[in-house]
Every structure is written in C-alpha cells, then in structure tokens.
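S.K.:
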Amino acid sequence: MANITIAGDLAPIGRNIPAFQSGPPRSLADLGLSPRDSLVIANLECPLADAGDAIVKGGPALRAPASAAKGIRSLGVSAVNLANNHIMDYGPAGLDQTIASLSSAGVRCFGAGRTSMDAALPAALEWGDAKLQVFGFAETEYNASTQRTAGASLLEISSLVRTLQRASKDSFVVALFHAGNEYFEYPSPWLRDTCRLAIELGAGVVVCQHSHCIGSYEVYNGGLIVYGQGNFIFDMKTSKPGWWLGLMVQLQIAGNTLRGFQFTPFRQTPGVNLVEPLEPAPGHQVLDAFEQRSALLADEDKFLAAWDQFCEANRRNYQSHLFGLGRITRRVNRLLGFCDLIPRKGQRNIGNALRCQSHLEALRQLYSREKTC
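Counting in our numbering, the sequence shown runs from 299 upward without gaps.
This is the structure:
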C-alpha cells in the first residue's frame, strides 16, 4: 500500500521566506500532517525567480527566491504542480529558473513547460507498490502555453481528453486542477462536469485547488473528487479567515487502485512552523462542515441554488471586471449598482456574447493581448 499526500497552494513568500531560505522548515511528517512513508505533492503557486520583470497582467504578480526550492524539499515535498495562474508572472525566464531550481533541489515538477506538449507531460512517479502519473491543468489566464510558447497546461476539454487518453493504463492517474471561483466552497456546474469527465477518462483522483478555501468532495464512479482543499503555505494580507485553513488529502493506493482516503485539517502559522495540525475540537468542526457541504453537493437542487446565490452575491464584482471599471467606479457600482441600469436589450446582447462560444472566442482574442485599443 502506498501513501500519497496532496497539499494545496504553496507560495514561499512574505513572512515565510526566511524559513524556506535558512530554516530548513520542519517536514510535514514531523508536524504530523503526513505519514512518514508518504509521497507529498503540492501546487507551487509562484515562480522561483531572482531576476527579471513581471509580465503585464491583471492582478498581482508573485515570485519567491530561487533558493526556496531547498526549503520546499525540506518540507518533504517531492513533486509540485506548476499549472496555475501565477507560474508565468515573470515570463518564460522565470519559468526556466523555477524548473532549474526545483531540479537542483531534487523536486519533480509538471504542468508547465516550454511548449504545450511539454506542459501536458505527467510526472511519472513510483512509490511503494504504486505507479503514478500526475497531471496538472489550469484555467486560462496569463499563463497559457501554446505549441510555440511556454506556459501552463490548460484545462480545456480537448486538451483534457487528449492528455488523459494518452495516460498509461498501468498507472494510477491523479489530476490536479487549478480551477474554480475564489472563496466559493462548491464547484461551478461546468467544473463539476469537467472533473467527472476526468474520472470517466481514467483518473482515479481529481483535486481542485485555487479557491483559497476548503470546499466539498464527492466519490464519483469509484474516483475521488475534491473541490477545494484550501491553501497550504501562502502568506498574504487578507480579511478572509478561511485563508489560513487547509486540508491535506491523504490517499492509500495499491497498484493502480484507490483503497482509501482521509482528510487532515491544519492551520497556517506564518513565520513559525509554517503549518500545524488543528486541535481535535476545531479539527472536528472543520471536517464536519466539509462533510455537510459535500452532502449538499449531492442534492442537485440545493447545489444549483448555492451556485446561483454565489453568482448573485458577486454580480457587481463581475460587472466591474466585465466593463473594465477602475477603482473608484468599482466602489460606486458596488454601492449603487449603476451597471444594472443598462437597458435590457444591451444586457441580452452581453449575455449572448458570453453564451455563444464563437463570440466568446473572438472576445478572448481581442482582450487577451497585453495592450488593447
């Protein structure tokens, strides 16, 4: 039986930098967050790059020192996913330095590369009596790989199908999806369907990261799907208390079969031990809430109602993104909702542009350039 531990988003930045550079940090096994004989896999949420300029993008550009790779290995992490929305924040040179730094530290990486073909390659790992192929996929932001340019492996249906169909039938397949709506504890209907498709294509486990909160899970066709496990180690200024909580997803695999799984809750402690297990009482509260949300996910009507409620609660935030509002106009729209005053015909035209795949593809082409007119 092989023990596999999957951790969430790892960014060795902020108050945690010294622990990764001069620590070394205590291993997850020493902290009681993974079995001592476990293979640990995480999502590296930023490049490890010491030089270069940030790309032009919406949202923050993150990076950590290249020397942090040794600290990652000291934690007991053996492999990291690079398919996420920040891995290209410092361009192809930043990605190259990340891969080189990880390799020097003895940490395998997957999910990004110099071309889309490279990015789609899995990490082929052997642990105990298990042979694994671990794939990384990310939603498209400023991170897309192409046949000629570096970036992340994209979570698009055609790529997902082709990639998983090529997976070895003799290996247990794990797919890490960097996808979902931030701070939403459930998948969107599209993401749930895509995760289930991955199981139908042969994946034994699918774990969605990126949402920065503990979400929900389901067992589908014998495979495990986790819709949000929270952050791993990620120091940021935030008012979200759930930012500091996470789950370790622990798998027991025999051959190419999932024999069992469990979830271990923990809390981030920036600059100290980095992470620590929760005491029994708060730990039970976290797991009980996780199970309750997962039960709701199994009720189609309640799940769709939760999705609709999330969308309505974030209507004005999405309007600000859609119309490119600045800081002041975003605040005014949040208070007054002036975007709701657009005539119904105009709203229908917007809805059709977003609903129709061909229109949406054209809009992506126009507004995915670094500079738009």
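Even for Gly, the Cβ is constructed at its ideal location relative to N, Cα and C. It should be emphasised that the depicted structure is a prediction, and the values quoted were computed from it without experimental measurement.
Measuring CB to CB, does leucine 530 end up less than 8 Å from alanine 473?
M.R.: A small fix is needed here, since residue 530 is phenylalanine in this sequence, not leucine. Not closer than 8 Å, so no.
S.K.: Can you say whether tyrosine 484 is buried or exposed, counting buried as having 16 or more other CB atoms within 10 angstroms of its CB?
M.R.: Buried, since its Cβ has 16 or more Cβ neighbours within 10 Å.
S.K.: Would you tell me roughly how many angstroms separate the C-alpha atoms of aspartate 638 and glycine 356, rounded to the nearest one?
M.R.: Straight-line Cα distance between these residues: approximately 24 Å.
S.K.: Taking the alpha-carbon of isoleucine 370 as reference, which of Thr396, Pro580, Ala418 has the nearest alpha-carbon?
M.R.: Out of Thr396, Pro580, Ala418, Thr396 has the C-alpha closest to the C-alpha of isoleucine 370.
S.K.: Counting C-beta neighbours from all protein chains within 10 Å, is the total for proline 316 16 or more, i.e. buried, or is it exposed?
M.R.: Burial call: exposed.
S.K.: Less than 7 Å between C-beta atoms, sequence neighbours within five positions excluded: which residues of the same chain meet that for glutamate 516?
M.R.: Once the five neighbours on either side are set aside, the close Cβ partners of glutamate 516 are Ile523, Ser592, Leu595, Ala596.
S.K.: When you compare only the Cα positions, how much space is there between glutamine 607 and glutamine 319?
M.R.: For glutamine 607 and glutamine 319, the distance between alpha carbons rounds to 43 Å.
S.K.: Using the Cβ count rule (16 or more neighbours within 10 Å means buried), how would you classify serine 666?
M.R.: The residue is exposed, with fewer than 16 neighbouring Cβ atoms inside 10 Å.
S.K.: According to DSSP, is glutamate 659 helix, strand or coil?
M.R.: Reduced to three states, the DSSP call for glutamate 659 is helix.
S.K.: Taking the alpha helix (DSSP H) that tryptophan 488 falls in, what are its first and last residues?
M.R.: Per DSSP, tryptophan 488 belongs to the alpha helix (DSSP H) from 487-498.
S.K.: Would you check if there are 3 or more beta carbon pairs closer than 8 Å linking the stretch 626-640 to the stretch 496-511?
M.R.: Contact fails: fewer than three Cβ-Cβ distances are below 8 Å.
S.K.: How would you write the range of the beta strand (DSSP E) that leucine 308 sits in, first residue to last?
M.R.: Taken as a continuous stretch (DSSP letters only), the beta strand (DSSP E) holding leucine 308 covers 300-309.
S.K.: Can you tell me whether threonine 670 is buried or exposed? The criterion is at least 16 other CB atoms within 10 Å of its CB, across all chains shown.
M.R.: Confidence at threonine 670 is low in this model, with a pLDDT of 49, below 50, so the placement of that residue should be treated as unreliable; the coordinate-derived value is given next. Exposed, since its Cβ has fewer than 16 Cβ neighbours within 10 Å.
S.K.: Which runs of the beta strand (DSSP E) at least 3 residues long sit entirely within the stretch 316-400? Give them in chain order.
M.R.: Taking only runs of at least 3 residues, the beta strand (DSSP E) segments lying wholly in the stretch 316-400 are 336-342, 375-379.
S.K.: DSSP on isoleucine 626, reduced to helix/strand/coil?
M.R.: In the structure shown, isoleucine 626 sits in a helix (DSSP, three-state: H, G or I).
S.K.: CB-CB under 6 Å to threonine 438, same chain, minus the five flanking residues each way: which ones, in chain order?
M.R.: Contacts found: Leu452.
S.K.: Whose C-beta lies closer than 8 Å to the C-beta of leucine 556 among residues of the same chain, with five residues either side of it excluded?
M.R.: So the list reads Phe470, Gly502, Val503, Gly520, Gly521, Leu522, Leu549, Gln550, once near-sequence residues are dropped.
S.K.: I'd like the span of the beta strand (DSSP E) that includes tryptophan 542, first residue to last.
M.R.: Here tryptophan 542 belongs to no beta strand (DSSP E), and DSSP marks it neither H nor E.
S.K.: Just verifying my parser: in three-state terms, what is the DSSP assignment at lysine 600?
M.R.: Note: lysine 600 maps to helix in three-state DSSP.
S.K.: To the nearest angstrom, how far is it from the Cα of leucine 661 to the Cα of lysine 467?
M.R.: C-alpha separation (whole angstroms): 39 Å.
S.K.: Within the same chain, show all residues whose beta-carbon is closer than 6 Å to that of histidine 657, passing over the 5 residues directly before and after it, in chain order.
M.R.: Excluding positions up to five away in sequence, the list reads Ala651.
S.K.: Looking at the unbroken alpha helix (DSSP H) that takes in serine 279, where does it start and where does it end?
M.R.: No information on residue 279 is available, as it lies outside the stretch 299 to 671 that the chain covers here.
S.K.: I believe alanine 450 touches alanine 417 by the beta-carbon criterion, under 8 Å. Please report the beta-carbon distance rounded to the nearest angstrom.
M.R.: Confirmed, about 6 Å.
S.K.: What residue range does the beta strand (DSSP E) around lysine 429 cover?
M.R.: Run containing lysine 429: 428-436, per the beta strand (DSSP E) assignment.
S.K.: Select from Ala442, Asn441, Gly409, Thr536 the residue whose C-alpha is nearest the C-alpha of valine 432.
M.R.: The shortest C-alpha separation from valine 432 is found at Gly409.
S.K.: Is arginine 565 helix, strand or coil by DSSP?
M.R.: If DSSP states are grouped into helix, strand and coil, arginine 565 belongs with the strands.
S.K.: Buried or exposed for alanine 362, please, with buried defined as at least 16 other CB atoms from any protein chain shown within 10 angstroms of its CB.
M.R.: It counts as buried.
S.K.: In this structure, does DSSP put glycine 553 in helix, strand or coil?
M.R.: Three-state result, glycine 553: coil.
S.K.: Considering just the uninterrupted stretch of the alpha helix (DSSP H) at glycine 649, what are its terminal residues?
M.R.: Looking at the DSSP string, the run of the alpha helix (DSSP H) that includes glycine 649 is 642-653.
S.K.: Going by beta carbon distance, what residues of the same chain come within less than 7 Å of proline 568, once the five residues before and after it are set aside?
M.R.: For proline 568, where only same-chain residues beyond five positions count, the Cβ hits under 7 Å are Gly312, Arg313, Asn314, Asp533.
S.K.: Do alanine 251 and glycine 404 have their CB atoms nearer than 8 Å?
M.R.: Missing from the structure shown is residue 251; the chain here goes from 299 to 671 and no further.
S.K.: Is DSSP giving threonine 670 helix, strand or coil here?
M.R.: In this prediction, threonine 670 has a pLDDT of 49, which is less than 50 and means its spatial position is unreliable; nothing more can be read from the coordinates.
S.K.: What is the DSSP secondary structure of serine 451, counted as helix, strand or coil?
M.R.: It is coil, neither helix nor strand.
S.K.: Does the stretch 478-493 come within contact of the stretch 601-615, defined as at least 3 CB pairs closer than 8 Å?
M.R.: The stretch 478-493 vs the stretch 601-615: in contact.
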